[in-house]
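Colleague: Below are the structure tokens for one structure; questions will follow.
Residue numbers (the numbering used here): 1 to 149.
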């Protein structure tokens, strides 16, 4: 994940989608019909040239039968890189960052909120909160990795 995210090794995107279907929790996620990735800031997208979360989960959704909404959420402001912050700083950094995109309806939907790495939950909680405020029935986070980088 580090090589894909920080070193531009985009060819590694193909290694991750198969992993999502072999985990034992897969059966519990079948009721979630919609996948929305955590959005990058515009500055981070320009810096990298891609959104690694979108690359990984877009490919997986093609085989999962789920609905993919790549621009379902927007990041309202640039944030400091989470990996450099303490747990408390991460939560403060993510407060009010995400909004559901205009024209995206999540009302009554069960959503898988996709991200690459879960560390403290600050990013996931901030985005999930906004999806619930917009009327989502349930939101569950799904990531490729967990732990500090």
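The beta-carbon is built from N, C-alpha and C at its ideal position, and this holds for glycine as well. Note that the structure is predicted; figures quoted are calculated from it, not measured.
1. Terminal residues of the continuous beta strand (DSSP E) containing residue 71?
2. Are residue 61 and residue 116 closer than 7 Å when you measure CB to CB?
3. Straight-line CA distance for residue 75 to residue 93?
4. Give the DSSP-derived three-state secondary structure of residue 38 in the structure shown.
5. Determine the contact status of residue 137 and residue 110, defining contact as a CB-CB distance below 7 Å.
6. Would you give the residue range spanned by the alpha helix (DSSP H) that residue 127 belongs to?
7. Apply the 10 Å Cβ neighbour rule to residue 84 and answer buried if 16 or more other Cβ atoms are within range, or exposed otherwise.
8. Please determine, among 72, 112, 120, 108, the residue with the shortest C-alpha to C-alpha distance to residue 101.
9. Go through its chain and collect everything with a Cβ distance to residue 146's Cβ below 8 Å, but skip five positions before and after it.
10. Distance check for residue 86 and residue 104, CA to CA, integer angstroms please.
11. DSSP state of residue 53, grouped into three classes?
Modeller: On the basis of the supplied data:
1. Looking at the DSSP string, residue 71 is not in any beta strand (DSSP E), and its letter there is neither H nor E.
2. no
3. 12 Å
4. coil
5. yes
6. 122-133
7. exposed
8. 72
9. 117, 118, 119
10. 33 Å
11. helix
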